[in-house]
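J.: A single structure is presented below for examination.
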Amino acid sequence: MKRFAVAVDGPAGSGKSTVAKAVAKRLGIIYVDTGAMYRGVAYDCIQKGVDCSDEKAVLLLLEEIHLEIQPTQEGQRIFLENQDITEKIRTQQIGQGASEVAKIQSVRQKLGDIQRAMANQNSVVMDGRDIGTYVLPQAEVKIYMDAGVDERAMRRMGELKAKGEKPDFEVVRKEIIQRDENDMNRQHNPLRKAKDAVYIDTTKMSIEESVDKILTIVQEKLGEVWV
Ligand code: CDP
Ligand code: CDP
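Start counting at 1 in the sequence shown, then tack on 225, and there's your number in the numbering used here.
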């Protein structure tokens, strides 16, 4: 069977990772969460006291970094120097740090090369910000997932509450807007819908509806019965 790639891009909270992971499981192929790699670099910076926006210092750290990505049945695990950091990188602070290191071109090049190598070896569902536009411009299926900012902030609130936190809606909403600003306006590979990507507004969609919609698109594009 020929390898294929499903690229899923979109802003924070649009539902990419939840939906992409479920789509990969249904298709029986691996899920690659590229955001986790940027978070891994930010985590390393924060641990070592490096400012995520200090390009020179981040580049020095990048020369030494040992990040490993392991696809699993449940999604993906990420290791930094053999330490499993999959859960540790899921904080707001590391999310903001990730969007700072993501502005640096050499960071994008290095992580983009790792992502491309993974897609050269396996069929993948890969989510991020620049997958359809830069990492895998030849992907067979491209999806751009979006949702209104209030809905995305509500989703983030739900996640934080589930962790026992007491988030403030306005603070969470401002962080989402700040992240959109960083991701859409950075100089290198900003978040954009690829011309040939299918736009899906998930504001009023359930996770299951989004998964079904993408599976239908995959089926149409690949012209075979996968699901
Ligand atoms: O990866 P991304 O930041 O785009 O979003 P996510 O982490 O997949 O989704 C953020 C949160 O929204 C998760 O808790 C999802 O369960 C939830 N979600 C939702 O309630 N409805 C959707 N249609 C999609 C996601
Ligand atoms: O899950 P969430 O949408 O909050 O973010 P993420 O996918 O974990 O990505 C964290 C940050 O990494 C994003 O805000 C982007 O700035 C950056 N990123 C990127 O620049 N390019 C990618 N392919 C993936 C993530």
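Ideal placement from N, C-alpha and C gives every residue a C-beta, glycine not left out.
All values derive from a computational prediction rather than experimental measurement.
1) Relative to ligand 2, is the shortest distance from any of its heavy atoms to the C-beta of R264 smaller than 7 angstroms?
2) Distance, Cα to Cα, Q301 vs E395?
3) Hey, how far is the Cα of I425 from the Cα of T297?
4) Please tell me whether I442 and V349 are closer than 8 angstroms, where the distance is taken between their beta carbons.
5) Mapping the DSSP letters down to three states, classify F394 as helix, strand or coil.
6) Would you be able to state if there are at least three C-beta pairs under 8 angstroms between the segment 414-428 and the segment 358-369?
7) Alpha carbon to alpha carbon, what distance is there between M379 and K227?
8) So is R377 buried or exposed if we call it buried at 16+ other beta carbons inside 10 Å?
9) Pull up the distance between the alpha-carbon of N407 and that of K241, whole angstroms please.
10) Can you find a heavy atom of ligand 1 that lies under 7 angstroms from the Cβ of V244?
11) Considering only the beta carbon of each residue, do I319 and I271 sit closer than 8 angstroms?
12) Using the three-state DSSP reduction, which class does R298 fall into: helix, strand or coil?
13) On the DSSP bridge assignment, give the partners of G353 in chain order.
14) Count the other CB atoms, across all protein chains shown, that sit within 10 Å of the CB of M262; report buried if there are 16 or more and exposed otherwise.
15) Measure the C-alpha to C-alpha separation of Q306 and E289 and round it to an integer number of angstroms.
16) Is any heavy atom of ligand 2 found at a distance shorter than 7 angstroms from the C-beta of S435?
17) Helix, strand or coil, according to DSSP, for Q308 in the structure here?
18) When DSSP builds the beta bridges, which residues end up paired with L292?
19) Kindly list the residues whose CB is nearer than 7 angstroms to the CB of V332, restricted to its own chain and excluding five residues on each side of it in sequence; keep chain order.
20) Tell whether a beta-carbon distance below 8 angstroms holds between V257 and M343.
21) Could you check whether the Cβ of G260 sits closer than 7 angstroms to any heavy atom belonging to ligand 2?
22) Please say whether D375 and R411 have beta carbons closer to each other than 8 angstroms?
23) Rounded to the nearest angstrom, what separates C277 and R264 at their Cα positions?
24) Which residue or residues does DSSP assign as beta-bridge partners of D258?
T.: Working from what's here:
1) The residue you call residue 264 lines up with position 39 of the sequence shown. R264 Cβ: within cutoff of ligand 2.
2) Numbered from 1 along the sequence shown, position 76 holds the residue referred to as residue 301. Numbered from 1 along the sequence shown, position 170 holds the residue referred to as residue 395. Taking the straight line from one Cα to the other gives about 31 angstroms.
3) As a first step, residue 425 must be located in the sequence shown, where it is residue number 200. As a first step, residue 297 must be located in the sequence shown, where it is residue number 72. Answer to the nearest angstrom: the Cα atoms are 27 angstroms apart.
4) In the sequence shown, residue 442 corresponds to position 217, counting from 1. In the sequence shown, residue 349 corresponds to position 124, counting from 1. No. Outside cutoff.
5) For this step, residue 394 is matched to residue 169 along the sequence shown. Residue state, collapsed to three classes: helix.
6) yes
7) Locating residue 227 in the sequence shown gives position 2, where the first residue counts as 1. Locating residue 379 in the sequence shown gives position 154, where the first residue counts as 1. So the two alpha carbons sit approximately 40 angstroms from each other.
8) Reading the sequence shown from its first residue, position 152 is the one you call residue 377. R377 comes out buried.
9) The count along the sequence shown starts at 1 and reaches residue 407 at position 182. The count along the sequence shown starts at 1 and reaches residue 241 at position 16. The straight-line gap from Cα to Cα measures roughly 18 angstroms.
10) Taking the sequence shown and counting its residues from 1, the one referred to as residue 244 is at position 19. Because some heavy atom of ligand 1 lies under 7 angstroms away, the Cβ of V244 counts as near it: yes.
11) The count along the sequence shown starts at 1 and reaches residue 319 at position 94. The count along the sequence shown starts at 1 and reaches residue 271 at position 46. For I319 and I271, yes; Cβs fall inside 8 angstroms.
12) Counting from 1 along the sequence shown, the entry for residue 298 is found at position 73. First, the amino acid is wrong: residue 298 is Gln here, not Arg. Three-state DSSP puts Q298 in coil, outside helix and strand.
13) Stepping through the sequence shown from its first residue, residue 353 is reached at position 128. Bridge partners of G353: D234.
14) Taking the sequence shown and counting its residues from 1, the one referred to as residue 262 is at position 37. With 16 or more Cβ atoms within 10 Å of its Cβ, M262 is classed as buried.
15) Residue numbering aside, residue 306 sits at position 81 when the sequence shown is read from its first letter. Residue numbering aside, residue 289 sits at position 64 when the sequence shown is read from its first letter. With the sequence shown as reference, residue 306 is identified as Glu, and Gln is not the correct amino acid for it. Taking the straight line from one Cα to the other gives about 10 angstroms.
16) As a first step, residue 435 is located in the sequence shown; it is residue number 210 there, counting from the start. No, ligand 2 has no heavy atom inside 7 angstroms of this Cβ.
17) Position 83 of the sequence shown holds residue 308. In this structure, Q308 counts as strand in the three-state DSSP scheme.
18) Your numbering for residue 292 matches position 67 in the sequence shown. DSSP, once it has assigned bridges, lists L305 as partnering L292.
19) In the sequence shown, the residue the question calls residue 332 occupies position 107. Contacts found: V266, V283, L287, V326.
20) On the sequence shown, residue 257 is found 32 positions in, with the first residue counted as 1. On the sequence shown, residue 343 is found 118 positions in, with the first residue counted as 1. Contact flag set, yes.
21) Here residue 260 refers to the residue found at position 35 of the sequence shown. Indeed, a heavy atom of ligand 2 lies less than 7 angstroms from the Cβ.
22) Along the sequence shown, one-based indexing puts residue 411 at 186. Along the sequence shown, one-based indexing puts residue 375 at 150. Cβ distance not < 8 angstroms, so R411 and D375 don't count as in contact.
23) Locating residue 277 in the sequence shown gives position 52, counting from the first residue. Locating residue 264 in the sequence shown gives position 39, counting from the first residue. Distance between the alpha carbons of C277 and R264 is about 11 angstroms.
24) Working through the sequence shown from its first residue, we reach residue 258 at position 33. For D258, which the question treats as bridged, DSSP gives the partners D352.
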